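Visitor: Protein chains in written order, with the numbering used here: chain A, 2 to 193; chain B, 2 to 193.
Where a beta carbon is used, it is the ideal one built from N, C-alpha and C, also for glycine.
These figures come from a predicted structure and were not determined experimentally.
Provided herewith is a single structure, encoded as structure tokens, for subsequent inquiry.
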């Protein structure tokens, strides 16, 4: 008898290198799939539709939201982000683990659902380094970057609601930690 | 500020390959030390005094027990096993993780102490294979082996009191799982 899969919720301030880490995690470990979020924001350089996110219009998003198609949804910086319910439920019921890349607001909504879930927070090595990374990416203006940093500090306050923290100092080390968390959780004896 | 180390309690039926696994774990990962138990039983072939166990006489054991020197102690097959308290407390306070190789009885006693502890159960792939291994080792008579197998089944009933289960099917895979549990526990956010 195969038991249900585990849902791994990964949150991180933007600029923490989360997207790369999650791709590498899924590629390097068997039995785990990604859940792809839908968003109304524009793709950033290098982001692929259907891989990093499913990019849809606001009208389409609100229609799906109304139909209850999202496990959770959130509005961040005036854009919508949502996690389609059906696909995740399908994978987990098959015994497949799923990794979900969502922000703190979204994660807190999932906390209230009944599912085998594990909450992981990816931390930037420091706020200073995070700022450097955001500036280096140079897709946002200075004003947006400062807003974002303020927001990161607010997000960090939720750290204690998560199960694990991984500092993304060196990507290979951080990846090793993430892999270990997935493997350890598979060995975990769950009561009730 | 360095936080206290974690105490990893590893229990397993004899013949599950636990001793080799624990040695490899400690050798392959940094920041974790072994706690060495004291026992009154005779060393088995290949076991080294001061490495696998500290082998002492019954009189000496009972004297130390009376002085309260053991974190836990147990009597199994008419022999005593005990875990010296002082050394573990010293390591954990320094922020070092410690792995403790003890049987189910001993582990259950530690559950009642206040310490950051993680309980891991090593499972043989099957009772049949365990029997083969015990016979292969041929240090025990047929009667002792049958007694031991009965005892293993009794020990397995405690599985649900542990945090993790690792099946020792292939040693490299089992080692990988143990390492992952240690790394994941270091990433864990502990509340209260």
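Can you name the residues of chain B whose CB is closer than 7 angstroms to the CB of residue 158/A?
Guide: In the first chain, residue 158/A corresponds to position 157, counting from 1. Ordered by position in chain B, no residue passes the 7 angstroms Cβ test against residue 158/A, which lies about 13 angstroms from the chain.
Visitor: Closer than 8 angstroms by beta-carbon distance: list the chain B residues that pair up with residue 153/A, in chain order.
Guide: The count along the first chain starts at 1 and reaches residue 153/A at position 152. Those within 8 angstroms of residue 153/A in chain B number zero; the least Cβ separation is about 18 angstroms.
Visitor: Does the segment 154-164 of chain B come close enough to the segment 109-121 of chain B to have 3 or more Cβ pairs within less than 8 angstroms?
Guide: Segments in contact, yes.
Visitor: Any idea if residue 180/B is buried or exposed, counting beta-carbon neighbours within 10 angstroms, 16 or more meaning buried?
Guide: For the purposes of this step, residue 180/B is taken as residue 179 along the second chain, with counting starting at 1. Under this definition residue 180/B is a buried residue.
Visitor: How many angstroms separate the CA atom of residue 76/B from the CA atom of residue 66/B?
Guide: For the purposes of this step, residue 76/B is taken as residue 75 along the second chain, with counting starting at 1. For the purposes of this step, residue 66/B is taken as residue 65 along the second chain, with counting starting at 1. Approximately 12 angstroms, taken between the alpha carbons.
Visitor: Residue 164/B touches chain A at which residues, Cβ-Cβ below 8 angstroms?
Guide: Residue numbering aside, residue 164/B sits at position 163 when the second chain is read from its first letter. What residue 164/B touches in chain A: 189 and 190.
Visitor: To test your reading of the DSSP string, which unbroken alpha helix (DSSP H) runs of 4 or more residues are found completely within the segment 34-74 of chain A?
Guide: Complete alpha helix (DSSP H) runs here, min 4: 59-67.
Visitor: Out of 52/B, 46/B, 48/B and 155/B, state which residue places its alpha-carbon closest to the alpha-carbon of residue 34/B.
Guide: For the purposes of this step, residue 34/B is taken as the residue at position 33 of the second chain. For residue 34/B, the nearest C-alpha among the options comes from 52/B.
Visitor: Between the segment 78-90 of chain A and chain B, which residues of the former have CB atoms less than 7 angstroms from a CB of the latter, in chain order?
Guide: From the segment 78-90 of chain A, no residue has a Cβ closer than 7 angstroms to chain B.
Visitor: Can you list the residues of chain A that residue 123/B reaches, using a CB-CB cut of under 9 angstroms?
Guide: Mapped onto the second chain, residue 123/B falls at position 122. The premise fails here: residue 123/B is roughly 11 angstroms from chain A at the closest Cβ pair, so nothing lies under 9 angstroms.
Visitor: Taking only three categories from DSSP, how would you classify residue 83/B?
Guide: As a working note, residue 83/B is residue 82 in the second chain. Looking at residue 83/B - three-state DSSP - the assignment turns out to be strand.
Visitor: Please confirm whether residue 167/A has its beta-carbon closer than 8 angstroms to some beta-carbon of chain B.
Guide: For this step, residue 167/A is matched to residue 166 along the first chain. It does; some Cβ of chain B falls within 8 angstroms.
Visitor: Measure from the C-beta of residue 97/B to each C-beta in chain A and report whether the shortest distance is under 8 angstroms.
Guide: Here residue 97/B is taken as the residue at index 96 of the second chain, counted from 1. No - not a single Cβ of chain A is within 8 angstroms of the one on residue 97/B.
Visitor: So that I know if they touch, is there some Cβ in chain A lying closer than 8 angstroms to that of residue 182/B?
Guide: As a position in the second chain, residue 182/B is number 181, starting the count at 1. Taking Cβ atoms only, chain A reaches closer than 8 angstroms to residue 182/B, which makes this a yes.
Visitor: Provide the residue(s) that pair with residue 122/B in DSSP beta bridges, ordered along the chain.
Guide: Residue 122/B sits at position 121 when you count from the first residue of the second chain. 12/B and 166/B, per the DSSP bridge assignment.
Visitor: Smallest Cα separation from residue 21/A: which of 185/A, 44/A, 48/A and 10/A?
Guide: In the first chain, counting from the first residue as 1, residue 21/A sits at position 20. Closest by alpha carbon: 48/A.
Visitor: I'd like to know if residue 185/B contacts chain A, where contact means its C-beta is closer than 8 angstroms to some C-beta of that chain.
Guide: Indexing the second chain from 1 puts residue 185/B at position 184. Yes, residue 185/B lies at the interface with chain A (some Cβ there is under 8 angstroms from its Cβ).
Visitor: Using DSSP bridges, identify the partner residues of residue 151/B.
Guide: To locate residue 151/B, count along the second chain from 1; it is residue 150. Residue 151/B is not bridged to any residue.
Visitor: Report the three-state DSSP secondary structure of residue 28/A (helix, strand or coil).
Guide: Numbered from 1 along the first chain, position 27 holds the residue referred to as residue 28/A. Note: residue 28/A maps to helix in three-state DSSP.
Visitor: Using beta-carbon positions only, say whether residue 186/A and residue 7/A come within less than 8 angstroms of one another.
Guide: Working through the first chain from its first residue, we reach residue 186/A at position 185. Working through the first chain from its first residue, we reach residue 7/A at position 6. Against a cut-off of 8 angstroms, the Cβ pair of residue 7/A and residue 186/A comes out as a contact.
Visitor: Where do the ends of the beta strand (DSSP E) carrying residue 101/B lie?
Guide: The count along the second chain starts at 1 and reaches residue 101/B at position 100. Counting along the chain, the beta strand (DSSP E) containing residue 101/B begins and ends at 98-102.
Visitor: Counting beta carbon pairs with one atom in the segment 151-162 of chain B and one in the segment 167-175 of chain A, are three or more of them shorter than 8 angstroms?
Guide: Touching, no, given that fewer than three Cβ pairs across the two stretches are closer than 8 angstroms.
Visitor: Please report the Cβ distance between residue 36/B and residue 101/B, rounded to the nearest whole angstrom; I am assuming they are in contact, meaning their Cβ atoms lie under 8 angstroms.
Guide: Residue mapping note: residue 36/B aligns to position 35 of the second chain, counting from 1. Residue mapping note: residue 101/B aligns to position 100 of the second chain, counting from 1. At roughly 5 angstroms, the Cβ-Cβ gap stays under 8 angstroms, so residue 36/B and residue 101/B are in contact.
Visitor: Am I right that residue 103/A and residue 84/A are in contact with their C-beta atoms under 8 angstroms? What's the rounded C-beta distance?
Guide: For this step, residue 103/A is matched to residue 102 along the first chain. For this step, residue 84/A is matched to residue 83 along the first chain. Yes, they are in contact, since the Cβ atoms of residue 103/A and residue 84/A sit about 6 angstroms apart, within 8 angstroms.
Visitor: What does the Cβ neighbour count give for residue 153/B, buried or exposed, with the cut at 16 atoms within 10 Å?
Guide: The count along the second chain starts at 1 and reaches residue 153/B at position 152. Result: buried.
Visitor: What separation, rounded to the nearest whole angstrom, lies between the Cα atoms of residue 141/B and residue 173/B?
Guide: Mapped onto the second chain, residue 141/B falls at position 140. Mapped onto the second chain, residue 173/B falls at position 172. Cα-Cα distance, rounded: 27 angstroms.
Visitor: Quick check: the Cα distance between residue 11/B and residue 189/B, rounded to an integer number of angstroms?
Guide: For the purposes of this step, residue 11/B is taken as the residue at position 10 of the second chain. For the purposes of this step, residue 189/B is taken as the residue at position 188 of the second chain. Rounded to whole angstroms, residue 11/B to residue 189/B spans 19 angstroms at the Cα level.
Visitor: Could you have a look at residue 76/B and say whether DSSP puts it in helix, strand or coil?
Guide: One-based indexing of the second chain puts residue 76/B at position 75. It is a strand residue.
Visitor: For residue 44/A, count neighbouring C-beta atoms within 10 Å of its own C-beta (all shown protein chains included) and say buried if the count is 16 or more, exposed if not.
Guide: Counting from one through the first chain, the residue named residue 44/A turns up at place 43. Per the 10 Å Cβ criterion, exposed.
Visitor: Check the C-beta distance from residue 211/B over to residue 38/B and give it rounded, since I have them as a contact under 8 angstroms.
Guide: Here chain B has residues from 2 to 193 only, and residue 211/B is not among them.
Visitor: Going by Cα to Cα distance, which pick from 14/B, 5/B, 115/B and 124/B is closest to residue 171/B?
Guide: Here residue 171/B corresponds to residue number 170 of the second chain, with the count starting at 1. Nearest C-alpha to residue 171/B: 124/B.
Visitor: Does the beta-carbon distance from residue 70/A to residue 40/A come in below 8 angstroms?
Guide: Here the question's residue 70/A lines up with position 69 in the first chain. Here the question's residue 40/A lines up with position 39 in the first chain. No, these two residues do not count as a Cβ contact at 8 angstroms.
Visitor: Measure the Cβ-Cβ separation of residue 73/B and residue 19/B and say whether it is below 8 angstroms.
Guide: Numbered from its first residue, the second chain carries residue 73/B at position 72. Numbered from its first residue, the second chain carries residue 19/B at position 18. Cβ atoms of residue 73/B and residue 19/B: not closer than 8 angstroms.
Visitor: Ordered along the chain, which non-local residues of its own chain (more than five positions away) have a Cβ less than 8 angstroms from that of residue 176/B?
Guide: Translated into the one-based positions of the second chain, residue 176/B becomes position 175. Only 22, 25, 26 and 29 meet the Cβ criterion.
Visitor: Taking the DSSP output, what are the residues bridged to residue 19/B?
Guide: Within the second chain, residue 19/B is the residue found at index 18, counting from 1. Per DSSP, none; premise fails for residue 19/B.
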